[in-house]
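The sequence shown begins at 1297 in my numbering and counts up one residue at a time.
A short worksheet on the structure shown next.
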Amino acid sequence: MTRKEFLINFWNKVFKPFLFLLAGAFSMYFLYLAIFEPGNERNFVVLMTALGLIYVLLYVVGRLFQNTVGRLNRKIPVLWRTGIRDVLRIISPLVFLFHIYVSWKNDKMGTLILFAILLTEFIFRESKRPADRS
């Protein structure tokens, strides 16, 4: 196994899941503080949290009922599917950036660094995706 293969394997099997678990824990802590602490951001946090939970719920339901979703996808027009996919692709980084903003405002440097790493990976993954040629 070469060094590059080892690093890719280590990233995919150890470091990446650890980062996601850590991001989940920090997100839960952030939500706890955002919901139970008074402030103007509370309504926006609730809205972004609801959108994020809907996104995660759709992903989990899609994984659980892949055959049913496949049949449903064949019945939904392509324009609607691409529209929903594009909206979700826009909303997820916005939720993420809002978490970064609130962490920065609360001087949580560790959370900020973690979110920056995850956001960088997201941007890198999106830049690797081939452009839609419609």
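Virtual Cβ for every residue (Gly too), placed ideally from N, Cα, C.
As the structure is a prediction and not an experimental result, all values here were calculated from the model.
CA-CA distance, residue i and residue j?
i            : j            : result
residue 1328 : residue 1318 : 15 Å
residue 1347 : residue 1398 : 17 Å
residue 1385 : residue 1298 : 35 Å
residue 1431 : residue 1395 : Residue 1431 cannot be examined here, being either before or after the span of the chain that is shown, 1297 to 1430.
residue 1416 : residue 1330 : 25 Å
residue 1378 : residue 1363 : 19 Å
residue 1300 : residue 1313 : 19 Å
residue 1305 : residue 1370 : 36 Å
residue 1422 : residue 1333 : 35 Å
residue 1344 : residue 1320 : 15 Å
residue 1388 : residue 1418 : 10 Å
residue 1315 : residue 1366 : 31 Å
residue 1374 : residue 1368 : 11 Å
residue 1372 : residue 1354 : 16 Å
residue 1442 : residue 1400 : This structure cannot speak to residue 1442, because the chain is shown only from 1297 to 1430.
residue 1420 : residue 1338 : 31 Å
residue 1402 : residue 1383 : 29 Å
residue 1302 : residue 1425 : 24 Å
Within 10 Å of its beta-carbon, does residue i have 16 or more other beta-carbons around it, so buried, or fewer, so exposed?
i            : result
residue 1311 : exposed
residue 1410 : buried
Shortest alpha-carbon distance to residue i belongs to which of the options?
i            : options                : result
residue 1406 : 1308, 1338, 1323       : 1323
residue 1408 : 1307, 1313, 1326       : 1326
residue 1351 : 1393, 1381, 1413       : 1381
residue 1307 : 1403, 1413, 1400       : 1413
residue 1349 : 1391, 1338, 1361, 1404 : 1391
What residues in its chain sit with their C-beta under 6 Å from that of residue i, if we drop five residues either side in the sequence?
i            : result
residue 1359 : none
Tell me which residues share the same chain as residue i and place their Cβ nearer than 8 Å to its Cβ, disregarding the 5 neighbours each side in the sequence.
i            : result
residue 1393 : 1415
- request: Report the residue ranges of all alpha helix (DSSP H) runs contained in full by the stretch 1301-1356; include only those spanning at least 4 residues, in chain order.
  value: 1312-1332
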